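**Q** So the sequences go chain by chain: V and S.
Residue numbers for the first sequence follow my numbering, beginning at 1 and rising by one.
Residue numbers for the second sequence follow my numbering, beginning at 1 and rising by one.
Glycine included, each C-beta is placed from N, C-alpha and C at the ideal position.
Quick caveat: nothing in here was measured; it's all calculated off a predicted structure.
Below is one structure. I have some questions about it.
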Amino acid sequence: MSTWLLLATALLWLTTVTMMIVKTPRSMMHLYRIQAVAEAGAAATLAIFGHHPWLWSVASLIVIFKILIIPGVVTRWLTPLADVYGANGPVGITTLLILALVLSGGGILLGRLGGIPHPLPMGLIFAAMAVTFLHLSGRYEIWSLLWGILSLETVTDVVALTLGTGIPAVGEAAIALTGLGLAVALAYVAAEVRRIKHSLDVRDLEELIG
Amino acid sequence: MMATSALSVIPGGLAAIAMVYCIVPAKRLGWVSGLAVTFLLFWLAALPLHVWTGAGPLAVWFFVTVAILSVFGIWYSGPYIRREAEAHHWSPGRIRGYYVLFTLFIASLASLAIWTNFIFLWMAMEAATLTSVVLTAHPAERGAVEAAWKYIVMTELGGLVALLGTVLALTAVGSPVFGWGSGPAPRMLSGAHQHWALTGAYLALVGYGTKAGLAPFHTWLPDAHSEAPAPVSALLSGLKLAGAMLIVYRLFHVLQPSVPAAYLDDALIVLGLLSLVIAAGFLTFQHDLKRLWAYSSIEHIGLISLGMGFGGIALVGAFLHMWTHAASKTLLFHNAGTVRILYHSSHADRGARGILHRTPWTGALLALGSAAIVGLPPFAPFWSEWLILAGGLHQAGDRSFVIIAAALVVLVFIAIARRVPGWLFTPGPVGVPSVQVIQEPVALILPSAVLGVFVLAGGIGLPLAAHPLWHHLVSQLGVAHR
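Listed below in structure tokens is the structure:
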């Protein structure tokens, strides 16, 4: 099981790092789908080798929600942004990558501390989570933040799948359904921000004072 | 009816009512609101009749709070949204959307009260967050949309961290992550398991603390509370914030036999004190009425956190404070909404002045609510704050925390007492005769007036109605003191 779970979590980590540095929302949508494949792969691995057959239904839900529905919903609300190029960041991409590598090393070490099952795959998941936090503080475009939060949601779902083996299908379905709700609400608010500001940059959001 | 049936019937029924809003004609929306109020009152009345029992006293207590204040929220929404829609040219679809989301918001708050499973509680909290985010953006103005963006980004990060923390902590202590009414884990952990349990507990506290608006994770709160429609601000402040603290309490209750309780309690006390510091600092400079009450919410969530951290009788005070704060704050946010409609702003520098003279009912309710929220006797928040601080003095190992907290509560009192007269008594803007009286629509005032009577009667009646409880608490304090 460890090899397949390791492959799934390595794919998850790789897509998470790539999502941090991509320049257009069009690529983001495909990367999110690959990340969902990694999550579904982790669920399928646990279903086969962990003897939790109900996880097949969770894997199916992930495919339906995250590969078919969510990218469609988000891109439909944010169609005007599809070709917007966002190469600038508050810090350079090289800096972000170096920080991502350092944080990833920390995440893998955390998994090795002991006391949790699947140390290396869990370490990679912690690394992916740390990279997503870096993504959310290192980028400023609406679409990048939106996909960053959805990416973090996927990574957290994988933690719940891998560690929370006591959670039955209905609980995992509830988590997946919440992810769908999150995507819809995020896309709606992001579209409203775009409509009001006529800009992708949310660094100038006014501090409301009074 | 068994408690487990009510667990799905109450949220499911409210969600069904929300869908009814989608299909009825626009002029019949009030009837659906009446149906929602009847539904909530039925489940309230069913409690003393033992038609259903709820999953323990805490669940019943919070459900009663949610149901009563939601009834006032639905009632006040009618006249408030009608005027907002007229003033800002809302389409019928937008009005309908408000009611659908508001009812779903109430359904998620009711779920927070009656569910005990941690995954479903997390889901209910997420539903409350997402519906209230869209409701915050509903006015579709720049300030509202920006506040909604900050709200969703901050609190969703918190929500995901809370899920991670919950799964980590419960896996480490070997407690059933998915069992209704999970009991405490049976043993004290050691080594790596305890580290993971504590890490999970702290992550959950940070995550749910962000949802609750505890400092330093509160930055979304003043914007969201001041920009959302008034009935939404009221339920956000009074119920959703307290609901997040309730989840933290339930989780820590499960973890406490397995990890040193002091580690968890100290974290609650530190965040509670920090929230009081932030509230005391920022309340002094507020000129917008809704923003003033938003910072006041940070103070009161800080007090609830302190009560949970002190434990013992202070814990009773914290649970009582969930009700007393929610009732007073609902009154104040509804009142601020009325001010915004009548004066076209709730900002003291933009015309909302001389309120007591120009709109006597609105001014009187503002004075009454302000006196209640600062903890003046005989209002109910006085009793709950007294229980938290007095209980803390007897319970806490280090009394300096309680003394600092009491000093900060006094500072908050001074800040509010300095600011509120600016709205109540200061003459109107230059060029507007100070004698100009604004007509107050009865439909807008009546829900707040009834709630005002409720707040006043609750404060006076509480020690009388709960005399045996009071007697017990006082004797417990005496025992602790000896």
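Quick one: grab the DSSP three-state call for S:H334.
**A** Within the second sequence, numbered from 1, the residue matching residue 334 of chain S stands at position 334. It is helical.
**Q** If we define contact as Cβ-Cβ less than 9 Å, is S:A148 a contact residue for chain V?
**A** What you label residue 148 of chain S is simply residue 148 of the second sequence in a count that begins at 1. Under the 9 Å criterion on CB atoms, S:A148 is classed as interfacial with respect to chain V.
**Q** Please state whether the Cβ-Cβ distance between V:G123 and V:G111 is less than 9 Å.
**A** Residue 123 of chain V sits at position 123 when you count from the first residue of the first sequence. Residue 111 of chain V sits at position 111 when you count from the first residue of the first sequence. A contact, by the Cβ cut-off of 9 Å.
**Q** Out of S:C22, S:V316, S:L112 and S:A262, state which residue places its alpha-carbon closest to the alpha-carbon of S:L235.
**A** By 1-based counting over the second sequence, the position of residue 235 of chain S is 235. Ranking the options by Cα distance to S:L235, first place goes to S:L112.
**Q** Please classify V:T3 as buried or exposed, where buried requires at least 16 other C-beta atoms within 10 Å of its C-beta.
**A** Here residue 3 of chain V corresponds to residue number 3 of the first sequence, with the count starting at 1. The residue in question, V:T3, is exposed, as its Cβ has fewer than 16 Cβ neighbours within 10 Å.
**Q** So what does S:D288 bridge to, in DSSP terms?
**A** Stepping through the second sequence from its first residue, residue 288 of chain S is reached at position 288. Per DSSP, S:H347.
**Q** Note down, in chain order, all residues in the segment 141-171 of chain V with a beta-carbon under 7 Å from any beta-carbon belonging to chain S.
**A** Residues of the segment 141-171 of chain V that bring their beta carbon within less than 7 Å of a beta carbon in chain S comprise L145, I149, L152, E153, T156, V159, A160, L163, G164, G166, I167, P168 and G171, in sequence order.
**Q** Can you have a look at V:P117 and say buried or exposed, based on whether 16 or more other CB atoms are within 10 angstroms of its CB?
**A** Position 117 of the first sequence holds residue 117 of chain V. When all chains shown are included, V:P117 counts as exposed.
**Q** Can you name, in chain order, every residue of its own chain whose Cβ lies under 7 Å from the Cβ of S:L315, other than the five neighbours on each side?
**A** Working through the second sequence from its first residue, we reach residue 315 of chain S at position 315. These residues qualify, in order along the chain: G307 and M308.
**Q** In three-state DSSP terms, what is S:E141?
**A** The residue given as residue 141 of chain S occupies position 141 in the second sequence. Looking at S:E141 - three-state DSSP - the assignment turns out to be coil, as it is neither helix nor strand.
**Q** Quick one, are the C-beta atoms of S:A172 and S:A197 less than 9 Å apart?
**A** Numbered from its first residue, the second sequence carries residue 172 of chain S at position 172. Numbered from its first residue, the second sequence carries residue 197 of chain S at position 197. Cβ atoms of S:A172 and S:A197: closer than 9 Å.
**Q** Excluding five sequence neighbours on each side, which residues of the same chain lie with their C-beta closer than 7 Å to the C-beta of S:L168?
**A** Looking up residue 168 of chain S in the second sequence gives position 168. So the list reads W196, T199, G200 and L203, once near-sequence residues are dropped.
**Q** Looking only at its own chain, which residues have a Cβ that is under 6 Å from the Cβ of S:A348, when we skip the five neighbours before and after it?
**A** Position 348 of the second sequence holds residue 348 of chain S. Excluding positions up to five away in sequence, the list reads H287, G422 and W423.
**Q** To the nearest angstrom, how far is it from the Cα of V:I125 to the Cα of V:G148?
**A** To locate residue 125 of chain V, count along the first sequence from 1; it is residue 125. To locate residue 148 of chain V, count along the first sequence from 1; it is residue 148. About 15 Å.
**Q** In angstroms, rounded to a whole number, what distance separates the CA positions of V:A43 and V:T75?
**A** Counting from one through the first sequence, the residue named residue 43 of chain V turns up at place 43. Counting from one through the first sequence, the residue named residue 75 of chain V turns up at place 75. Whole-angstrom Cα-Cα distance: 26 Å.
**Q** Could you give the distance in angstroms between the alpha-carbon of S:A46 and the alpha-carbon of S:A6?
**A** Stepping through the second sequence from its first residue, residue 46 of chain S is reached at position 46. Stepping through the second sequence from its first residue, residue 6 of chain S is reached at position 6. Roughly 11 Å separates the two Cα atoms.
**Q** From S:F282, S:P79 and S:R250, pick the residue whose C-alpha is nearest to that of S:P441; which is it?
**A** Numbered from its first residue, the second sequence carries residue 441 of chain S at position 441. The shortest Cα separation from S:P441 among S:F282, S:P79 and S:R250 belongs to S:P79.
**Q** Given S:K150, which residues of its chain have a CB within under 6 Å of its CB, disregarding the five upstream and five downstream residues?
**A** By 1-based counting over the second sequence, the position of residue 150 of chain S is 150. Shown here for S:K150: same chain residues with a beta carbon closer than 6 Å to its own, the five before and five after excluded, namely W220 and D223 in chain order.
**Q** Can you grab the Cα-Cα spacing for the pair V:T154 / S:A294, in whole Å?
**A** For the purposes of this step, residue 154 of chain V is identified with residue 154 of the first sequence, where counting begins at 1. For the purposes of this step, residue 294 of chain S is identified with residue 294 of the second sequence, where counting begins at 1. In a straight line, the C-alpha of V:T154 is about 32 Å away from that of S:A294.
**Q** Terminal residues of the continuous alpha helix (DSSP H) containing S:A215?
**A** Locating residue 215 of chain S in the second sequence gives position 215, where the first residue counts as 1. Looking at the DSSP string, S:A215 is not in any alpha helix (DSSP H), and its letter there is neither H nor E.
**Q** At the level of alpha carbons, what is the spacing between S:L268 and V:P53?
**A** Indexing the second sequence from 1 puts residue 268 of chain S at position 268. Indexing the first sequence from 1 puts residue 53 of chain V at position 53. Cα to Cα, S:L268 sits roughly 40 Å from V:P53.
**Q** Taking 9 Å as the CB-CB limit, is S:N117 close to chain V?
**A** For the purposes of this step, residue 117 of chain S is taken as residue 117 along the second sequence, with counting starting at 1. It does: the Cβ of S:N117 has a partner Cβ on chain V nearer than 9 Å.
**Q** For V:I21, which three-state DSSP category applies?
**A** Stepping through the first sequence from its first residue, residue 21 of chain V is reached at position 21. Here DSSP, grouped into helix, strand and coil, assigns V:I21 to helix.
**Q** Does the distance from the C-beta atom of S:G302 to that of S:H394 stay below 9 Å?
**A** Start at 1 with the first residue of the second sequence, and residue 302 of chain S comes out as number 302. Start at 1 with the first residue of the second sequence, and residue 394 of chain S comes out as number 394. Their beta carbons are not under 9 Å apart, which means S:G302 does not touch S:H394 by this criterion.
**Q** Would you decide whether S:R291 is buried or exposed? Buried here means 16 or more other CB atoms lie within 10 Å of its CB.
**A** Position 291 of the second sequence, counted from the start, is the residue given in the question as residue 291 of chain S. Classification of S:R291: buried, given that the 10 Å Cβ count is 16 or more.
**Q** Listing by chain order, which chain V residues have their CB less than 7 Å from the CB of S:H193?
**A** Stepping through the second sequence from its first residue, residue 193 of chain S is reached at position 193. Per Cβ cutoff of 7 Å: G115.
**Q** What are the boundary residues of the alpha helix (DSSP H) that S:E227 is part of?
**A** Sequence index remark: in the second sequence, residue 227 of chain S carries index 227 (1-based). Element bounds for S:E227: L221 to E227.
**Q** Consult DSSP for S:V437 and reduce its assignment to one of helix, strand or coil.
**A** Position 437 of the second sequence holds residue 437 of chain S. The answer is coil: DSSP assigns S:V437 none of H, G, I, E or B.
**Q** The alpha helix (DSSP H) with S:H88 in it runs from where to where?
**A** For this step, residue 88 of chain S is matched to residue 88 along the second sequence. First-last of the alpha helix (DSSP H) with S:H88: P57 to H88.
**Q** Using the three-state DSSP reduction, which class does S:S293 fall into: helix, strand or coil?
**A** By one-based count along the second sequence, residue 293 of chain S stands at place 293. Note that residue 293 of chain S is Trp in the sequence shown here, rather than Ser. S:W293: helix per DSSP, three-state reduction.
**Q** What three-state label does DSSP hand S:Q256 in the structure shown?
**A** Translated into the one-based positions of the second sequence, residue 256 of chain S becomes position 256. Three-state result, S:Q256: coil.
**Q** How is the alpha helix (DSSP H) around S:V24 delimited, first residue to last?
**A** Residue numbering aside, residue 24 of chain S sits at position 24 when the second sequence is read from its first letter. Here S:V24 belongs to no alpha helix (DSSP H), and DSSP marks it neither H nor E.
**Q** CA-CA distance, V:I62 and S:P216?
**A** Indexing the first sequence from 1 puts residue 62 of chain V at position 62. Indexing the second sequence from 1 puts residue 216 of chain S at position 216. About 34 Å.
**Q** To the nearest angstrom, report how far apart V:T15 and V:V193 are at their CA atoms.
**A** What you label residue 15 of chain V is simply residue 15 of the first sequence in a count that begins at 1. What you label residue 193 of chain V is simply residue 193 of the first sequence in a count that begins at 1. The alpha-carbon atoms of V:T15 and V:V193 are separated by roughly 27 Å.
**Q** Around the C-beta of S:V453, are 16 or more other C-beta atoms found within 10 angstroms, so that it is buried, or is it exposed?
**A** Here residue 453 of chain S refers to the residue found at position 453 when the second sequence is read from its first residue. Burial call: exposed.
**Q** Can you tell me whether V:Q35 is buried or exposed? The criterion is at least 16 other CB atoms within 10 Å of its CB, across all chains shown.
**A** In the first sequence, counting from the first residue as 1, residue 35 of chain V sits at position 35. It is buried - the Cβ of V:Q35 has at least 16 other Cβ atoms within 10 Å.
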